[in-house]
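Asks: One structure, pasted below without further comment.
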């Protein structure tokens, strides 16, 4: 814990707990006489204590986070100052050595025409890939639509399995006609 974090904790959290601000007895004195012994008063005090504890926990977390951010910004400022100092170095060889040592790669910088050419190639490559993917998606969509259309029995107002149903009904009627004379004789 750094010094700033310690100061913020001491200043903001020293009287943070509800019990250090007001006791349960003092809390009860805030309410009318007839309600002072009600258990709800004690539950309300406990609830307020819990809420206060949650706020203090958030405050502690924010203090810690802020101290980390402040520490990081100090480091960033120190690095920026060091970079400025390095940029003002008058001796060219020292500056070149420092730049070479601190750069992440030692590639030679490109001129603007090379950069423009490479960017144009990259854009063209991206457009080519995009068009290929669009064509592939179109082909897949057509294939999917044809498969879905072939599965539909209602295409061209055709009812599903109508021929099979008609055949079953006709065979049932024939068997009933054959059985009907014998059934009529049994009823007589």
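In UniProt numbering, the protein residues as written are 1 to 188. C-beta: ideal position from N, C-alpha, C; glycine also.
Considering just the uninterrupted stretch of the alpha helix (DSSP H) at residue 37, what are its terminal residues?
Replies: Counting along the chain, residue 37 falls outside any alpha helix (DSSP H), and DSSP gives it neither H nor E.
Asks: Applying the criterion that 16 or more other CB atoms from any shown protein chain within 10 Å of the CB defines a buried residue, is residue 113 buried or exposed?
Replies: exposed
Asks: Would residue 2 and residue 71 qualify as a contact pair, given that the criterion is a beta-carbon distance under 8 Å?
Replies: yes
Asks: Tell me whether the beta-carbon of residue 18 lies closer than 8 Å to the beta-carbon of residue 43.
Replies: no
Asks: Regarding residue 32 and the ligand GDP, is the C-beta to nearest heavy atom distance less than 7 Å?
Replies: Among the components of this structure there are no ligands whatsoever, and the ligand GDP is therefore not found.
Asks: Can you grab the Cα-Cα spacing for the pair residue 122 / residue 74, in whole Å?
Replies: 40 Å
Asks: Answer yes or no: do residue 45 and residue 27 have a C-beta to C-beta separation smaller than 8 Å?
Replies: Yes, these two residues count as a Cβ contact at 8 Å.
Asks: Note down the Cα distance separating residue 140 from residue 133, rounded to an integer number of angstroms.
Replies: 10 Å
Asks: Mark residue 67 as exposed unless 16 or more other C-beta atoms lie within 10 angstroms of its C-beta, in which case mark it buried.
Replies: So residue 67 counts as buried.
Asks: Is the beta carbon of residue 41 sitting closer than 8 Å to the one on residue 31?
Replies: In contact: residue 41 and residue 31 (Cβ atoms closer than 8 Å).
Asks: According to DSSP, is residue 30 helix, strand or coil?
Replies: Judged by DSSP in its simplified three-state form, residue 30 adopts coil rather than helix or strand.
Asks: Within the continuous alpha helix (DSSP H) that includes residue 22, where are the two ends?
Replies: It is not in any alpha helix (DSSP H) - residue 22 carries neither H nor E in the DSSP assignment.
Asks: Check the C-beta distance from residue 63 over to residue 5 and give it rounded, since I have them as a contact under 8 Å.
Replies: 6 Å
Asks: Straight-line CA distance for residue 127 to residue 136?
Replies: 14 Å
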